[in-house]
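One structure is given below, encoded as C-alpha cells.
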Amino acid sequence: MKTWKDCVAFHGHECGGLTIGYKASLYAAELLKLEFSDDEQVVCISENDACGLDAIQVMLGCSIGKGNLLFHMRGKSAYSFYNRKTGESVRLVLKPTPAGMTREESFAYLQAAEPQALFAVKPAVIALPEKARIFHSYTCDCCGETTGANWIRLAGEQKLCMDCYETYDRFDV
C-alpha cells in the first residue's frame, strides 16, 4: 500500500484536503477490503473536485482515465467507494470539524484524527456504475475534430460534435 509521502509527492504539498482523501482511502480500504486497483476493481464517486482526490488516486488506483474515478458534483466532502469483486459499497461523509481553528490547527487535527472520527459511514446512494465503455469515433462534419459516438449529434446528413450542434427547443427560447 502506498503512503502519505507518496500522496504528498503526487499532489505537490501537504494540506488538509489531501489529508481528507488519504484518510478516506484508508477507511474505505479497511471497510471494503480494498487493494490498489490496476483496472476497475475499485470505483470512487466523488462529490467534489478537491485536493483529496489526489490521495484517492495514489492510494486506491482510481483515476479518470481508467474510468473508476467519477464525479457527482455536489460540493460535499463525500466519497462513495465500491468493491466490484464483492459488490460492497460505502459512502464516507466528512463530519464537521471543530470551528475556529487556524489552517495549521485544522491540518494538525485532520492528521491526528483516526478515519473513524472524521467520517460518517453511510450506504452508497448511487448504484455501482457499469465499467467504462469504449466508443467508436467520428469526425465532426463542421469543425473536423474527432468525437466519440456517444457525443455526436445528427443534423440532417451531418454528424456534428456537441460544440457545433445547435439544439432545437421550442420552449427554451
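So the sequence shown is residues 8 to 180, counted in my numbering. Beta carbons are placed, not taken as given, at the ideal position from N, Cα and C, and that holds for glycine.
Worksheet item: Between K9 and the rest of its own chain, which residues show a CB-CB distance below 8 Å, the 5 nearest in sequence each way excluded?
Response: F43, V65 and M66, listed in sequence order.
Practice prompt. Kindly indicate which residue of A16, K12 and G23 has the alpha-carbon position closest to the one of F114.
Written response: The residue among A16, K12 and G23 with its C-alpha nearest the C-alpha of F114 is G23.
Worksheet item: Do R81 and A131 come within 8 Å of each other at the CB atom, strictly closer than that value?
Response: No, they are not a contact pair.
Worksheet item: With burial defined as no fewer than 16 other Cβ atoms inside 10 Å of the residue's Cβ, what is the status of K30: buried or exposed?
Response: Sixteen is the threshold: when 16 or more other Cβ atoms of the shown chains lie within 10 Å of the Cβ of K30, as they do, the residue is buried.
Item to complete: Could you tell me which uninterrupted beta strand (DSSP E) segments, each at least 3 residues in length, are contained entirely in the segment 48-111, listed from first to last along the chain?
Response: You should have 49-53, 76-78, 85-90 and 95-101.
Item to complete: Quick one: grab the DSSP three-state call for C168.
Response: In the displayed model, C168 falls within a strand according to three-state DSSP.
Fill in: Minimum length 3: unbroken beta strand (DSSP E) runs contained in the segment 115-172
For the beta strand (DSSP E) assignment, the uninterrupted runs of no fewer than 3 residues enclosed by the segment 115-172 are, from N- to C-terminal side, 126-129, 144-146, 153-155, 159-162 and 165-168.
Item to complete: Could you say which of E164, E173, P105 and I63 lies nearest to A120 if we only look at CA atoms?
Response: Among E164, E173, P105 and I63, the Cα nearest to that of A120 is on P105.
Worksheet item: If we count the other Cβ atoms within 10 Å of its Cβ and call it buried at 16 or more, is T146 buried or exposed?
Response: That one is exposed.
Item to complete: Would you mind working out which of I133, A156, N55 and A134 sits nearest L25, comparing C-alpha positions?
Response: Among I133, A156, N55 and A134, the Cα nearest to that of L25 belongs to N55.
Fill in: Beta-carbon proximity check, C51 vs H18, cutoff 8 Å
Taking 8 Å as the cut-off, the beta carbon of C51 is found no closer than this to the beta carbon of H18.
Worksheet entry | Best match in L41, K102 and A62 for proximity to G94 [C-alpha to C-alpha] | The option with the nearest alpha carbon to G94 is L41.
Worksheet entry | Outcome for G68 when other beta-carbon atoms lying within 10 angstroms are tallied against a minimum of 16 | So G68 counts as buried.
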